[in-house]
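In our numbering, the protein residues as written are 355 to 628. Here a beta-carbon is modelled for each residue, glycine too, at the ideal position from N, C-alpha and C.
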């Protein structure tokens, strides 16, 4: 059976875009602090997060189809190899987002100002952003990352605990759906229970992100706007977050099988409540 199917490549592209968007979302706080409009920046940040979460939900049925179309022989090995490619796509998407980070800081700065000029109207902002004139202007802001962008960043300002927390949360979020689908193959008698566990896993990862990570960055961004902190500190934190996110997608490769087996084991206790 063909391994690199059109469906696999389509899903990999989808995941690539999702993780690129979620990585670029870190540029919004930087842009908000840069133009001193943090509240407007957070509204734009929320839009990007919602879009990425919706896109993630949309790709789930397509990912499930990989199991339906898997061969009857060596099913576990075949699906595992395909899922590892999808995890690799999340790593490439995150890396692509990191490369575009300086460019999007400049673009989002202008977008935040335009959102204010449009009195908070997102449809008017979208109409303006996707105009030919704005697209041409945006191309002129494109630039590849340079070592000069790291000037002013200090490694001693990076909280190590937050770095690893974000890395682990990213790894869990990356494999949530894939591990649940693979667990369904490990325990076919409890397949539906295992698949539905993906929502719980991603939900927990999102809650942990909101509790432990987002408030830290928001406080630092507020300090910059209120002139109690430096922009370089926020930039150091943002670079740290996207780096830990990249490492989290790599860590996901190691946690994938472990997570699937844990979900398969945990479903035994869920079915007891019938």
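Asked, Found
"For a quick check, are the C-beta atoms of residue 603 and residue 373 less than 8 Å apart?", "yes"
"Is it buried or exposed, residue 368, if we count other Cβ atoms within 10 angstroms and call 16 or more buried?", "buried"
"Can you say whether residue 581 is buried or exposed, counting buried as having 16 or more other CB atoms within 10 angstroms of its CB?", "exposed"
"If I follow the unbroken alpha helix (DSSP H) through residue 513, where does it start and stop?", "Where residue 513 is concerned, there is no enclosing alpha helix (DSSP H), given that its DSSP letter is neither H nor E."
"By how many angstroms is the C-alpha of residue 605 removed from the C-alpha of residue 522?", "8 Å"
"So residue 418 is in the alpha helix (DSSP H); what residue range does that whole segment cover?", "392-422"
"For residue 360, count neighbouring C-beta atoms within 10 Å of its own C-beta (all shown protein chains included) and say buried if the count is 16 or more, exposed if not.", "exposed"
"What's the call for residue 557, buried or exposed, on a 16-neighbour Cβ count within 10 Å?", "exposed"
"Is residue 526 near residue 555, with beta carbons less than 8 Å apart?", "yes"
"Shortest alpha-carbon distance to residue 390 belongs to which of 599, 590, 624 and 583?", "583"
"Which residue from 375, 484 and 386 puts its Cα closest to that of residue 405?", "375"
"How far does the alpha helix (DSSP H) with residue 387 in it reach, from first residue to last?", "380-389"
"Identify whether residue 427 lies in helix, strand or coil by the three-state DSSP scheme.", "coil"
"So, are the CB atoms of residue 398 and residue 462 less than 8 Å apart?", "yes"
"Using a Cβ-Cβ cutoff of less than 7 Å, which residues in the same chain neighbour residue 449 once the five nearest sequence positions on both sides are dropped?", "600"
"Nearest by alpha-carbon distance to residue 440: which of 382, 541 and 416 is it?", "416"
"To the nearest angstrom, how far is it from the Cα of residue 492 to the Cα of residue 480?", "14 Å"
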